[in-house]
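Working notes for the structure below.
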Amino acid sequence: MNLGRGPLSRRRFLAAAGLASALALTGCGGGEAKGADEKSVALVTPQKAGDGGPTDNLVSGLATLKAAGYSTRHVAAPDPSSHESTLRNLAQSGTPVIVVSFSDFTQVLKTVAPDFPKTKFVHIYSDPYKPEMPNVQTVSFDTQGPSYLAGVLAATVSKTGVIGFIGGTAIPSLYADYHAFEAGAKATRADIVLKSAFVGSFGDPVKGQQIAQTMFNNKVDVVLAYAGGSSVGVVKAADQAKTHVIYDNVESDQTAGSVIAIASQHYGGTMAKRVRGIDDGSWKPGGTVAGLADDGTFLDRAKKFRAEAGAPDLDSAFKKVDETKQKIVDGSIDVPFDTDPV
Amino acid sequence: MVDFVVTCLQAATPIWLAALAGMFAQRSGILHLGLEGLLLSGAFVATATAIRTGSILLAVGAAIVVNLLLSLLFWVLVTHFKANVLIVGLGLSMSAAGATGFALVAFFDTEAAIQSPIGLPRPLAGVGGPLAGLSVLTFAAFALTWVSWWVIRRTRAGLRLSACGSDPFAARSAGVPVDLYRMASLQVGGLLCALAGAELSLAQVRSFSDNIAQGRGYLAFAAVLLGGLAPIGVSVAAVFFGSALAFGIQSQLDFNDVLPPQFVLMLPYAATIAAISATVVVKRRRGEQPTLVMERTL
Numbered sequence: 507m508n509l510g511r512g513p514l515s516r517r518r519f520l521a522a523a524g525l526a527s528a529l530a531l532t533g534c535g536g537g538e539a540k541g542a543d544e545k546s547v548a549l550v551t552p553q554k555a556g557d558g559g560p561t562d563n564l565v566s567g568l569a570t571l572k573a574a575g576y577s578t579r580h581v582a583a584p585d586p587s588s589h590e591s592t593l594r595n596l597a598q599s600g601t602p603v604i605v606v607s608f609s610d611f612t613q614v615l616k617t618v619a620p621d622f623p624k625t626k627f628v629h630i631y632s633d634p635y636k637p638e639m640p641n642v643q644t645v646s647f648d649t650q651g652p653s654y655l656a657g658v659l660a661a662t663v664s665k666t667g668v669i670g671f672i673g674g675t676a677i678p679s680l681y682a683d684y685h686a687f688e689a690g691a692k693a694t695r696a697d698i699v700l701k702s703a704f705v706g707s708f709g710d711p712v713k714g715q716q717i718a719q720t721m722f723n724n725k726v727d728v729v730l731a732y733a734g735g736s737s738v739g740v741v742k743a744a745d746q747a748k749t750h751v752i753y754d755n756v757e758s759d760q761t762a763g764s765v766i767a768i769a770s771q772h773y774g775g776t777m778a779k780r781v782r783g784i785d786d787g788s789w790k791p792g793g794t795v796a797g798l799a800d801d802g803t804f805l806d807r808a809k810k811f812r813a814e815a816g817a818p819d820l821d822s823a824f825k826k827v828d829e830t831k832q833k834i835v836d837g838s839i840d841v842p843f844d845t846d847p848v
Numbered sequence: 187m188v189d190f191v192v193t194c195l196q197a198a199t200p201i202w203l204a205a206l207a208g209m210f211a212q213r214s215g216i217l218h219l220g221l222e223g224l225l226l227s228g229a230f231v232a233t234a235t236a237i238r239t240g241s242i243l244l245a246v247g248a249a250i251v252v253n254l255l256l257s258l259l260f261w262v263l264v265t266h267f268k269a270n271v272l273i274v275g276l277g278l279s280m281s282a283a284g285a286t287g288f289a290l291v292a293f294f295d296t297e298a299a300i301q302s303p304i305g306l307p308r309p310l311a312g313v314g315g316p317l318a319g320l321s322v323l324t325f326a327a328f329a330l331t332w333v334s335w336w337v338i339r340r341t342r343a344g345l346r347l348s349a350c351g352s353d354p355f356a357a358r359s360a361g362v363p364v365d366l367y368r369m370a371s372l373q374v375g376g377l378l379c380a381l382a383g384a385e386l387s388l389a390q391v392r393s394f395s396d397n398i399a400q401g402r403g404y405l406a407f408a409a410v411l412l413g414g415l416a417p418i419g420v421s422v423a424a425v426f427f428g429s430a431l432a433f434g435i436q437s438q439l440d441f442n443d444v445l446p447p448q449f450v451l452m453l454p455y456a457a458t459i460a461a462i463s464a465t466v467v468v469k470r471r472r473g474e475q476p477t478l479v480m481e482r483t484l
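Shown next as structure tokens:
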């Protein structure tokens with residue numbers, strides 16, 4: 507088509523463009539496609555797979571669902587401006603279950619979900635919506651449980667009696683984790699001393715290393731690192747200082763020298779359980795919490811930890827951790843939820 | 187106390203080397219807002235090459251080569267295409283942030299940190315104690331500061347370089363090839379930023395993650411202004427910023443009950459603004475002229 511010559515060509519082009527726009531708008535009218543695959547699920551994440559963290563974990567949950575006979579699809583939508591169109595396109599194409607992750611999608615989902623009442627949405631890592639929406643389930647994670655257990659573990663294995671907490675940014679949820687960590691440590695050893703610091707970013711391993719190094723210079727010998735990408739630096743400092751870390755990322759050969767435990771969330775497993783709940787009838791809209799009881803959150807012994815001379819006795823420490831976990835699950839220990847600043 | 191000094195130097199070294207790079211550029215008349223980008227490219231290339239080759243020399247060498255090419259591009263855009271120097275600098279920084287993130291996925295198929303099995307040598311590792319943690323580039327920063335001072339204060343080339351920035355019209359009239367001096371200063375800057383990037387990624391953490399520079403290149407730019415374009419002044423300013431970062435860390439541990447963490451995290455940046463503002467006020471009271479004359483094309 508020659509667009510540059512004469513008014514007739516331009517008019518034709520504009521008419522064609524107008525027609526195309528009208529058709530596109532008709533397509534965006536909000537109708538849900540008929541005859542969709544009933545055992546189909548789409549996962550939409552704000553990051554691509556390959557982060558070695560939450561996104562990979564969610565994608566592994568998708569693989570679990572695929573093995574269980576679901577038709578699965580993963581869409582990475584790093585550009586926030588594409589979030590609404592991505593969700594609408596998936597819903598219009600008849601995807602019966604759409605899982606989104608993290609707070610990036612909160613406003614968009616509140617806009618899109620009412621237009622697709624037959625589609626069920628699961629929002630992983632989100633606070634409950636107010637008001638509740640009939641086709642949206644949110645899943646938040648009780649990270650205070652593993653934080654309390656980390657306190658028990660750190661206080662048990664510490665030789666100096668000084669333990670540390672390194673958070674990514676100073677936000678209420680991390681304050682709550684710190685207070686749970688402190689409660690677990692003090693319940694185990696009343697005279698334990700705690701030091702805490704925040705990196706100011708979840709992506710600054712260099713500063714994470716400097717904070718940890720400063721802590722280790724101040725007699726700290728076990729640290730709970732809840733700093734995402736910055737935790738890599740904490741591990742490096744611990745390797746240098748021959749101290750120990752309770753880590754919030756995936757363990758690897760590089761963490762084998764210092765990481766004694768992993769405190770994190772099973773995003774993928776939790777997502778798979780919630781999606782299966784739609785078929786077995788246990789799904790309900792509104793806010794839900796995943797925690798120690800349903801394996802949504804965990805404190806696990808690091809499988810790759812290389813115990814060297816002078817290493818702590820992790821067998822007896824984890825025996826204590828397991829006993830404490832059982833008490834938290836059966837309600838005999840009440841883990842505090844305190845979002846006051848540290 | 188020695189521990190604290192070591193942390194100050196470790197925090198300062200990447201800013202210090204990048205600030206020396208910015209000083210050379212600014213002395214030649216180019217406001218270098220691309221320091222952040224060159225830090226990132228240096229850090230990525232050094233880490234990636236260290237992982238692939240297992241050689242620290244090749245890692246640092248590759249980072250230098252890439253940064254020299256990027257600095258050449260910067261120079262071509264600014265001098266031959268008459269592009270706005272601020273926009274090109276910012277563009278370099280933003281492009282490097284995106285490109286290194288893309289390269290992580292393209293070359294290593296991950297968005298997480300990549301980890302190097304080797305790191306920069308530590309000359310005092312055998313001595314033990316806190317000083318053992320300092321990398322060779324921290325000691326190099328002292329030497330490079332002296333070399334920079336000597337070149338700028340004691341050589342004809344240094345005098346001409348300064349003339350390119352302080353009065354390019356007069357420099358041209360005297361037959362100084364201003365554009366060539368600017369290219370040379372940007373090349374030196376590229377080299378120093380490659381070292382800064384290698385220090386950032388291979389000195390302590392031995393890893394690269396997306397946007398690992400976290401604004402240190404902009405702190406280096408501020409150190410150039412605070413140091414008044416003098417090698418020793420710029421170095422002192424960079425160490426001051428490193429010390430502010432280290433003090434922020436130490437005070438989180440010692441004064442947690444008194445100061446909220448958000449306030450402590452803000453301290454290094456507040457110190458930057460306060461120090462630069464104070465410098466401007468002092469210069470105005472002394473009636474000093476600005477050290478840089480911007481040409482219309484730049």
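Quick note, the sequences are listed as chains E and H, same order. By our numbering, the letter at position 235 of the first sequence is numbered 741, and the numbering carries on one by one without gaps. By our numbering, the letter at position 10 of the second sequence is numbered 196, and the numbering carries on one by one without gaps. Heads up, the beta-carbon is just placed ideally off N, CA and C, and yes, glycines get one too.
CB of residue i within 8 Å of CB of residue j, strictly
i: Pro602 of chain E; j: Ser546 of chain E; result: yes
i: Ala236 of chain H; j: Ala423 of chain H; result: no
i: Ala298 of chain H; j: Gly559 of chain E; result: yes
i: Gly797 of chain E; j: Asp697 of chain E; result: no
i: Ala660 of chain E; j: Ile752 of chain E; result: yes
i: Leu254 of chain H; j: Gly403 of chain H; result: no
i: Glu590 of chain E; j: Val614 of chain E; result: yes
i: Ile644 of chain E; j: His629 of chain E; result: Reading off the sequence shown, one finds Thr at residue 644 of chain E, where the question assumed Ile. Closer than 8 Å, so yes.
i: Pro652 of chain E; j: Leu820 of chain E; result: no
i: Thr465 of chain H; j: Phe427 of chain H; result: no
i: Gly351 of chain H; j: Gly434 of chain H; result: no
i: Gly208 of chain H; j: Ala406 of chain H; result: yes
i: Asp727 of chain E; j: Val668 of chain E; result: yes
i: Ser302 of chain H; j: Leu388 of chain H; result: yes
i: Phe627 of chain E; j: Val658 of chain E; result: no
Chain H contact for residue i (CB, 8 Å cutoff)
i: Val712 of chain E; result: yes
i: Gln643 of chain E; result: no
i: Gln832 of chain E; result: no
i: Phe708 of chain E; result: no
i: Asp846 of chain E; result: no
i: Gly533 of chain E; result: Confidence at Gly533 of chain E is low in this model, with a pLDDT of 43, below 50, so the placement of that residue should be treated as unreliable; the coordinate-derived value is given next. It does not; no Cβ of chain H falls within 8 Å.
i: Phe704 of chain E; result: yes
i: Ala676 of chain E; result: yes
i: Gly816 of chain E; result: no
i: Leu529 of chain E; result: Here the model assigns Leu529 of chain E a pLDDT of 46, short of 50, so the residue's position is not dependable and the matter cannot be decided.
i: Met777 of chain E; result: no
i: Asp557 of chain E; result: yes
Chain E contact for residue i (CB, 8 Å cutoff)
i: Thr483 of chain H; result: Summary for Thr483 of chain H: the model assigns pLDDT 41, below 50, so the residue's position carries little reliability, and this model does not support an answer.
i: Val337 of chain H; result: no
i: Gln373 of chain H; result: no
i: Asn253 of chain H; result: no
i: Thr233 of chain H; result: no
i: Arg392 of chain H; result: yes
Residues bridged to residue i (per DSSP)
i: Val420 of chain H; result: Its beta-bridge partners do not exist; DSSP assigns none.
i: Ile300 of chain H; result: H:Phe394
i: Asp806 of chain E; result: E:Ile768
i: Ala548 of chain E; result: E:Arg579, E:Ile604
i: Ala676 of chain E; result: None; Ala676 of chain E has no bridge partner.
i: Tyr732 of chain E; result: E:Gly673
i: Gln643 of chain E; result: E:Val628, E:Gly792
Nearest candidate by alpha-carbon position, reference residue i, set the options
i: Glu385 of chain H; options: H:Leu330, H:Leu323, H:Ala370, H:Arg342; result: H:Leu323
i: Tyr576 of chain E; options: E:Ile717, E:Asp759, E:Leu549; result: E:Leu549
i: Ile398 of chain H; options: H:Val188, H:Val444, H:Glu222, H:Val420; result: H:Glu222
i: Ala813 of chain E; options: E:Ala762, E:Arg579, E:Phe843; result: E:Ala762
i: Ile250 of chain H; options: H:Ser302, H:Phe230, H:Thr331; result: H:Phe230
i: Leu259 of chain H; options: H:Ala245, H:Leu415, H:Gly275; result: H:Gly275
i: Asp189 of chain H; options: E:Asp844, E:Ser736, E:Gln716, E:Val668; result: E:Gln716
i: Ala574 of chain E; options: E:Pro634, E:Leu655, E:Val781; result: E:Val781
i: Gly315 of chain H; options: H:Ile304, H:Leu412, H:Met187; result: H:Met187
i: Ala292 of chain H; options: E:Lys572, E:Gly556, E:Gly734; result: E:Gly556
Problem set entry | Runs of alpha helix (DSSP H) wholly within the stretch 317-390 of chain H (minimum 4 residues, chain order) | 322-340, 342-352, 354-359, 364-388, all fully within the stretch 317-390 of chain H.
Problem set entry | Completely contained alpha helix (DSSP H) runs for the stretch 758-794 of chain E, where each covers 4 or more residues | DSSP runs (the alpha helix (DSSP H)) wholly in the stretch 758-794 of chain E: 773-786.
For this session: Report the residue ranges of all beta strand (DSSP E) runs contained in full by the stretch 407-469 of chain H; include only those spanning at least 3 residues, in chain order.
Result: The stretch 407-469 of chain H contains no whole beta strand (DSSP E) run of 3 or more residues.
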